[in-house]
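Undergrad:
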Amino acid sequence: MKKEPLSFALPKGRLMEQSRELLHSMGIDFSFDDRRLVADDATGGFRFFLVKNSDLPTYVNHGIAGLGVCGSDVIYESGCDFYKLHTFGFGGTKMCLAGLRDAHNNGNDAALKISTKFTRFTRDYYHRHNKPVEVIKLNGSVELGPVLGLSPYIVDLVETGNTLKANNLEVIRELEDIKVHLIVNPSYYKLNYKRINKFVEDIKAGEAKWNLERQQ
Ligand code: PRP
-8 MKKEPLSFAL PKGRLMEQSR ELLHSMGIDF SFDDRRLVAD DATGGFRFFL VKNSDLPTYV
52 NHGIAGLGVC GSDVIYESGC DFYKLHTFGF GGTKMCLAGL RDAHNNGNDA ALKISTKFTR
112 FTRDYYHRHN KPVEVIKLNG SVELGPVLGL SPYIVDLVET GNTLKANNLE VIRELEDIKV
172 HLIVNPSYYK LNYKRINKFV EDIKAGEAKW NLERQQ
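At position 166 of the sequence shown (counting the first as 1) the number is 157 in this note's numbering, and the numbers step up by one without a gap.
Below you can see the structure in the form of structure tokens.
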């Protein structure tokens, strides 16, 4: 009897492109043409869902997608528990405290006022460091916070640093390394562990090969 395809959520944006390239190099070919959000690969082994980054843990937590590609930042904000089966070499960033350049902000204020998308991370991080914080939730373009005077600080992801630079901001402190993981819903893993373990082996070998090819 033919098995159901493994269900797999991919986040929109940069991570989706890199995940798709890697999977493609392993012979798992699919595309989200014409704004379609569900795509089967040519072999019928996988069904992919294209979801908003911050919604990805919800789909995996509810078992709608068994597998997903997700950053540790988004996993942490979700508060959900997943098995992490592989850490990818791509997509790594840093979670940083940043503020306006030349404003002489050093992050040593008695209480920090911070705008961020990552409210759980920010509260927990400063709680662990016994530092009072006032956290203001934003959903994007967080760099505007200090520029418009909403807060002197932001906690946000920094990859190239170009967005900070373009908005006259600078990193004050690096708080945590963020990595991208292959996650699985624990119940889904129990039901499909043989196929999933084989896929994890394939993806580890596939990524090593893909990295070598890209270096040439
Ligand atoms: C992320 C992050 C920064 C930017 C950092 O935003 O929140 O704004 O990328 O990247 P850089 O250091 O390479 O410039 P994203 O592109 O996800 O958009 P958003 O601001 O709408 O969340």
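Ideal placement from N, C-alpha and C gives every residue a C-beta, glycine not left out.
Looking at the strands, I want to know which residues DSSP matches up with Y184.
TA: Counting from one through the sequence shown, the residue named residue 184 turns up at place 193. Answer is none; Y184 lacks a bridge partner.
Undergrad: Tell me which same chain residues have a C-beta within less than 8 Å of the C-beta of G131, skipping the five on either side of it?
TA: Within the sequence shown, residue 131 is the residue found at index 140, counting from 1. These residues qualify, in order along the chain: K108.
Undergrad: Tell me whether H120 is buried or exposed, calling it buried when 16 or more other Cβ atoms sit within 10 Å of its Cβ.
TA: The residue given as residue 120 occupies position 129 in the sequence shown. H120 comes out exposed.
Undergrad: Report the residue from I127, P(-4), R5 whose alpha carbon sits nearest the alpha carbon of I105.
TA: Taking the sequence shown and counting its residues from 1, one reaches residue 105 at position 114. Looking at the Cα atoms, I127 is the closest of the given residues.
Undergrad: If I measure Cβ to Cβ from N183 and keep anything under 8 Å in the same chain, skipping five residues before and after, which residues do I get?
TA: As a first step, residue 183 must be located in the sequence shown, where it is residue number 192. Closer than 8 Å at Cβ, skipping near neighbours: L(-3), G57.
Undergrad: Any chance the CB of K108 is under 8 Å from a heavy atom of the ligand PRP?
TA: Within the sequence shown, numbered from 1, the residue matching residue 108 stands at position 117. Answer for K108: yes, Cβ within range of the ligand PRP.
Undergrad: Using alpha carbons as the reference points, say which of V42, L173, K85 lies closest to I163.
TA: In the sequence shown, the residue the question calls residue 163 occupies position 172. Of the candidates V42, L173, K85, the one whose C-alpha sits nearest the C-alpha of I163 is K85.
Undergrad: Judging by CA-CA distance, which residue of E198, G70, L41, E68 is the nearest neighbour of G59?
TA: Walking along the sequence shown from the start, residue 59 turns up at place 68. Selected option, being the one with the closest Cα: L41.
Undergrad: Are E204 and H77 closer than 9 Å when you measure CB to CB?
TA: Translated into the one-based positions of the sequence shown, residue 204 becomes position 213. Translated into the one-based positions of the sequence shown, residue 77 becomes position 86. Going by C-beta atoms, E204 is not nearer than 9 Å to H77.
Undergrad: Using DSSP's beta-bridge definition, name the partner residues of M7.
TA: Position 16 of the sequence shown, counted from the start, is the residue given in the question as residue 7. M7 pairs with nothing; no bridge assigned.
Undergrad: If you measure from the CB of G131, is any heavy atom of the ligand PRP nearer than 8 Å?
TA: Position 140 of the sequence shown, counted from the start, is the residue given in the question as residue 131. Correct: G131 has its Cβ closer than 8 Å to the ligand PRP.
Undergrad: F79: which of E12, T34, P143 sits nearest, CA to CA?
TA: Residue mapping note: residue 79 aligns to position 88 of the sequence shown, counting from 1. For the residues E12, T34, P143, the minimum Cα distance to F79 belongs to E12.
Undergrad: Output yes or no for whether 9 Å exceeds the beta carbon distance between L208 and E125.
TA: With the chain running from -8 to 207 in the structure shown, residue 208 is simply not present.
Undergrad: Is any heavy atom in the ligand PRP found nearer than 8 Å to the beta carbon of L155?
TA: For the purposes of this step, residue 155 is identified with residue 164 of the sequence shown, where counting begins at 1. Because some heavy atom of the ligand PRP lies under 8 Å away, the Cβ of L155 counts as near it: yes.
Undergrad: Taking 8 Å as the line, does the beta carbon of T113 fall inside it for any heavy atom of the ligand PRP?
TA: Taking the first residue of the sequence shown as 1, we reach residue 113 at position 122. Answer for T113: no, Cβ out of range of the ligand PRP.
Undergrad: Along the chain, which unbroken stretches of the alpha helix (DSSP H) at least 4 residues long are found entirely within the stretch 57 to 124?
TA: Complete alpha helix (DSSP H) runs here, min 4: 63 to 69, 110 to 119.
Undergrad: Please report the distance separating the alpha-carbon of G62 from that of E68.
TA: Residue mapping note: residue 62 aligns to position 71 of the sequence shown, counting from 1. Residue mapping note: residue 68 aligns to position 77 of the sequence shown, counting from 1. Using only the alpha carbons, I get a separation of about 10 Å.
Undergrad: DSSP beta-bridge partners for I145?
TA: Position 154 of the sequence shown, counted from the first residue, corresponds to residue 145. Bridge partners of I145: A89, S106.
Undergrad: What does the Cβ neighbour count give for A0, buried or exposed, with the cut at 16 atoms within 10 Å?
TA: By one-based count along the sequence shown, residue 0 stands at place 9. Burial call: buried.
Undergrad: Can you confirm whether the stretch 170 to 181 touches the stretch 91 to 102 when touching is taken to mean that 3 or more C-beta pairs between the two stretches lie within less than 8 Å?
TA: Not touching, per the Cβ criterion.
Undergrad: Can you tell me the Cα-Cα spacing of W201 and N99, whole angstroms?
TA: For this step, residue 201 is matched to residue 210 along the sequence shown. For this step, residue 99 is matched to residue 108 along the sequence shown. Distance between the alpha carbons of W201 and N99: 44 Å.
Undergrad: Whole angstroms is fine: what's the gap from G35's alpha carbon to I66's?
TA: Along the sequence shown, read from residue 1 onward, the residue named residue 35 stands at position 44. Along the sequence shown, read from residue 1 onward, the residue named residue 66 stands at position 75. Approximately 28 Å between the Cα atoms of the pair.
Undergrad: When DSSP builds the beta bridges, which residues end up paired with H15?
TA: For the purposes of this step, residue 15 is taken as the residue at position 24 of the sequence shown. For H15, which the question treats as bridged, DSSP gives no partner whatsoever.
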